[in-house]
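As structure tokens, the structure follows; a few thoughts come after it.
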Amino acid sequence: MNAPASPAEALRGTLAELLAGLPPSQAASAVERLIAKYRGDTPTHAPILRDRADVAAYAAYRMPATFEAVRSALEAFARAVPGWTPEGHVDVGGGTGAATWAVTETWPGERDVTVLDWAEPALALGREIAAANPDLRGARWQRARIGSSLTLEPTDLVTVSYVLNELAEADRAALVDAAAAAAPSVVIVEAGTPAGYARVIEARDRLVAAGFRVAAPCPHSAACPIVPGTDWCHFSARVSRSSLHRQVKGGSLAYEDEKFSYVAATRLPAAPAPARVVRRPQIRKGQVLLDLCETDQRLSRTTVTKRHGGLYRAARDADWGDPWPPPDEPA
Ligand SMILES: C[S@@+](CC[C@H](N)C(=O)[O-])C[C@H]1O[C@@H](n2cnc3c(N)ncnc32)[C@H](O)[C@@H]1O
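Residue numbers (my numbering): 2 to 332.
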């Protein structure tokens with residue numbers, strides 16, 4: 002008997018079936034329309050995802066990438082709070098539910114799940130896709146508008162994935178405050194652009210002011226050491242490309258890298274990484290160059306050479322976004 006599919010595999014299969022059911026030219030033109038909308042003025046005053054064609058195109062084109070980004074952020078968070086599993090999860094601006102899938106991939110099992118969004122077609126398709134994930138069987142898909150009147154039911158974990166970008170400043174603040182009031186753990190993910198990073202920092206500052214500690218990616222909860230405008234903290238998640246991606250973007254690469262920025266903050270006891278690798282490591286002959294964000298609010302470059310033995314082997318395996326040093330290879 003075959004082992005049951007992981008949430009990641011089940012999601013891939015379900016989205017491939019969804020894509021197979023869409024007329025190719027219609028799917029590609031819906032994606033192009035969405036890309037143009039997302040490039041346009043934000044915030045929006047009405048849902049961008051208006052009908053099933055929009056939503057199916059969004060799910061087939063963007064959901065694999067937002068799923069991988071959230072999964073990666075949650076994995077870093079889970080390492081900082083070992084042994085903890087959320088019993089309840091609210092995904093705000095959840096759309097077709099990418100973050101709910103990522104939560105079940107990180108912490109398998111059924112829990113109390115609520116997805117909130119103002120776009121009914123997104124919720125409807127999200128519910129349909131979630132039928133392939135037994136852990137999402139009981140999920141509630143509810144209409145809600147993010148704004149000053151938003152209140153969230155108490156829960157263990159709130160996720161906000163690729164949503165802040167669509168909100169005006171006052172609504173971003175209201176959303177972060179509502180999340181902080183509802184749950185002891187809040188994970189926010191945005192595109193890995195300078196503007197996405199700026200929105201993450203704005204949310205991080207608000208969460209810290211509300212008494213949260215940053216569990217990931219930062220090794221501390223003090224101010225970010227990046228001088229605004231000079232750089233931006235972001236990470237990368239590998240995503241398999243579908244035939245729709247190849248059709249819209251051309252080329253034949255089997256994958257692409259989704260860049261994202263995030264903050265995972267909590268009121269739970271947490272052990273943030275001692276330092277984090279904040280760029281792709283550079284592997285040279287006999288040495289590895291690591292750019293690190295460190296506990297003492299400093300960015301630094303460290304060179305690990307063959308003479309460091311086990312630490313050198315660990316550095317060769319280290320990836321952008323990993324904690325450093327690995328727990329079994331103390332510096
Ligand atoms: C880019 S999509 C992200 C969807 C999902 N979280 C993901 O990561 O794939 C942004 C979502 O935010 C929702 N949204 C934007 N503004 C909203 C608002 N004011 N109230 C409720 N939902 C909103 C949109 O309908 C859409 O589903």
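From the three backbone atoms N, C-alpha and C, an ideal C-beta is built for every residue, glycine too.
Just so we're clear, the structure is a prediction, and the values are computed from it rather than from any experiment.
Test item: CB-CB of D92 and V56 under 9 Å: No, these two residues do not count as a Cβ contact at 9 Å.
Out of curiosity, what's the CA-to-CA distance linking P275 and E170? Taking the straight line joining both Cα atoms gives about 32 Å.
R280 classed as buried or exposed, judged by whether at least 16 other C-beta atoms fall within 10 angstroms: So R280 counts as buried.
Would H46 be called buried (16 or more neighbouring beta carbons within 10 Å of its own) or exposed? It is exposed - the Cβ of H46 has fewer than 16 other Cβ atoms within 10 Å.
Please state if the CB of V177 and the CB of C353 are separated by a distance shorter than 9 Å. Past the edges of the chain, shown from 2 to 332, lies residue 353, and the structure says nothing about it.
Between which two residues does the alpha helix (DSSP H) harbouring F78 extend? 53 to 81 is the extent of the alpha helix (DSSP H) around F78.
Give a single yes or no on whether I36 has its beta carbon closer than 8 Å to a heavy atom of ligand 3. Although ligand 3 was asked about, the structure shown includes only ligand 1 as ligands.
Where do the ends of the alpha helix (DSSP H) carrying H246 lie? 244 to 250 is the span of the alpha helix (DSSP H), which, as asked, contains H246.
Within the same chain, show all residues whose beta-carbon is closer than 7 Å to that of E106, passing over the 5 residues directly before and after it, in chain order. Sequence-distant Cβ neighbours of E106 in its own chain, meaning closer than 7 Å and more than five residues away, are S7, P8, A9, R72.
Proximity winner among W142, V161, R144, relative to A334 (alpha-carbon distances): The requested residue 334 is not part of the displayed model; the chain covers only 2 to 332.
Does the beta-carbon of L158 have 16 or more other beta-carbons within 10 angstroms, so that it is buried, or is it exposed? It counts as buried.
Leaving out the 5 sequence neighbours to the left and right, which residues in its chain are closer than 7 Å to R112 when beta-carbon positions are compared? In the same chain as R112, and ignoring 5 residues on each side of it, the C-beta atoms closer than 7 Å to its own belong to P87, E88, G89, H90, in chain order.
9 Å Cβ cutoff met for A79 and W108: Yes, Cβ-Cβ distance for A79 and W108 is below 9 Å.
Compute the Euclidean distance between the alpha carbons of T152 and A184, then round it to the nearest angstrom. Rounded to whole angstroms, T152 to A184 spans 11 Å at the Cα level.
Near Y163, what residues of its chain come up, given a Cβ to Cβ distance below 7 Å and the 5 sequence neighbours on each side ignored? For Y163, where only same-chain residues beyond five positions count, the Cβ hits under 7 Å are T67, V190, E191, A192.
What's the gap between the Cα of A145 and the Cα of L117? Near 6 Å, if we compare the C-alpha coordinates of L117 and A145.
Residues in the same chain with beta-carbon distance under 6 Å from Q283, minus the five sequence neighbours each way, listed in chain order, please. L290, listed in sequence order.
A132 vs N166 beta-carbon contact at 9 Å: No. Outside cutoff.
Three Cβ pairs or more, each shorter than 8 Å: is that satisfied between the stretch 295 to 303 and the stretch 213 to 230? In the pairwise beta carbon analysis, the stretch 295 to 303 is classified as touching the stretch 213 to 230: at least three pairs are separated by under 8 Å.
Taking 8 Å as the threshold, find out whether the stretch 298 to 311 comes into contact with the stretch 252 to 272 through three or more Cβ pairs. Touching, no, given that fewer than three Cβ pairs across the two stretches are closer than 8 Å.
Identified DSSP bridge partners for C294: Note: C294 sits in a beta bridge opposite R277, L300.
Same chain, Cβ closer than 8 Å to W321, five either side skipped, listed in chain order: Excluding positions up to five away in sequence, the list reads F236, S237, V278, V279, R280, R281, P282.
Please list, in chain order, all residues of the same chain as A120 whose beta carbon is under 8 Å from its beta carbon, the five residues on each side excluded. Closer than 8 Å at Cβ, skipping near neighbours: P48, I49, L50, R51, V56, G96.
When DSSP labels each residue in this structure, what does S150 get in the three-state scheme? Residue state for S150 is assigned as coil, using DSSP reduced to three classes.
Specify, as a first and last residue, the run of the alpha helix (DSSP H) that D172 falls within. Unbroken alpha helix (DSSP H) run through D172: 170 to 183.
Between A61 and L245, how many whole angstroms is the CB-CB distance? I'm expecting something under 8 Å. 5 Å between Cβ atoms; contact.
Output yes or no for whether 9 Å exceeds the beta carbon distance between A266 and V228. The answer is no: Cβ separation not under 9 Å.
Using the Cα positions of V249 and R13, report the straight-line distance between them to the nearest angstrom. Each residue's alpha carbon lies about 19 Å from the other.
For D172, which residues of its own chain have a beta-carbon under 6 Å away from its beta-carbon, when the five flanking residues on both sides are left out? Contacts found: I147, G148.
CB P273 to CB A70, shorter than 9 Å? Contact flag unset, no.
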